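Please read the structure below before turning to the comments.
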Amino acid sequence: MLFARPYQRPEPSQWPFVASPNVDDRPSGARITCVVMHATEIETLVATIGCFRTRATKVSAHFIVDRDGTVVQMVPVTRRAWHAGRSALEGIAHVNDFSVGIEMVNRGDGRDPYPEAQIEAAASIVRLLRRRYAIPDRRIVSHAHVARPAGRKEDPLGFDMRAFRARCRVSPAR
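Counting in the numbering used here, the sequence shown runs from 7 upward without gaps.
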């Protein structure tokens, strides 16, 4: 069954969990301080899950958000997903070490729209992560922003990161 839960859950989650083999441990002492937004460049949720479950692809993300707002978690946030590749943020290399990767199902051609339900579902994940890990606005970034060398990636092409960051704001803890 595609959305069956594994025997042991590494962390509680409100979303279906489908494990990817493309994962490893974060470096000792690494803290989650960043969220990287992606476009799958794959047409469907099922095809994306298939890709991320294939060891040979050597790619994964913590979450996939479908066009209708369906969310599937594939990697526990406490572990390192393989989503950013060669990357750096604010002079720090290896963004996978300290980030959570969120893939939005989208062709990634700049014309395929991001539906409201998808944007809201992705924003709800980011708000949850921001509350849990105190991630600042400037560290809600696109894959294009962190990929090295600069220009290596464009995703999520056509996605308004500034508006998305504003939508992901959370009230300060009291």
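Backbone N, C-alpha and C fix where the C-beta goes; we use that ideal spot for every residue, glycine too.
Just so we're clear, the structure is a prediction, and the values are computed from it rather than from any experiment.
Whether residue i touches residue j by CB criterion (9 Å)
i    : j    : result
A129 : C174 : yes
Y120 : G164 : yes
N112 : R86  : no
V42  : S93  : yes
H100 : V65  : no
R127 : T54  : Strictly speaking, residue 127 in this sequence is Ala, with Arg absent from that position. No, the pair does not count as a contact, with Cβ atoms beyond the cut-off.
Nearest-angstrom Cα separation, counted from residue j out to residue i
i    : j    : result
A67  : V106 : 8 Å
W21  : V78  : 6 Å
L51  : I70  : 7 Å
I125 : I131 : 10 Å
S34  : R59  : 25 Å
A123 : R37  : 30 Å
L95  : V152 : 6 Å
V147 : S26  : 23 Å
I141 : G116 : 27 Å
D166 : D143 : 14 Å
Exposure label - residue i; buried when at least 16 CB within 10 Å
i    : result
D72  : buried
D74  : exposed
G114 : buried
R171 : buried
A150 : buried
A156 : exposed
R138 : exposed
R168 : exposed
Cβ-based neighbour list, residue i, same chain, cut-off 7 Å, excluding 5 preceding and 5 following
i    : result
R136 : C174, V176
F104 : A36, R37, I38, T39, C40
DSSP state of residue i mapped onto helix, strand, coil
i    : result
V65  : coil
R15  : With a pLDDT of 39 at R15, under the threshold of 50, the modelled position of that residue is not reliable, and the figure given next carries that caveat. Coil.
A127 : helix
M167 : helix
G157 : coil
D31  : strand
A150 : helix
R99  : For clarity, residue 99 is Ala in the given sequence; the question names Arg instead. If DSSP states are grouped into helix, strand and coil, A99 belongs with the strands.
A36  : coil
Own chain partners of residue i with C-beta closer than 6 Å, once the 5 adjacent residues on each side are dropped
i    : result
V83  : H68, V106
A45  : M110, N112, G114, D161, P162
D118 : N112
V81  : S26, V29, S66, H68, A87
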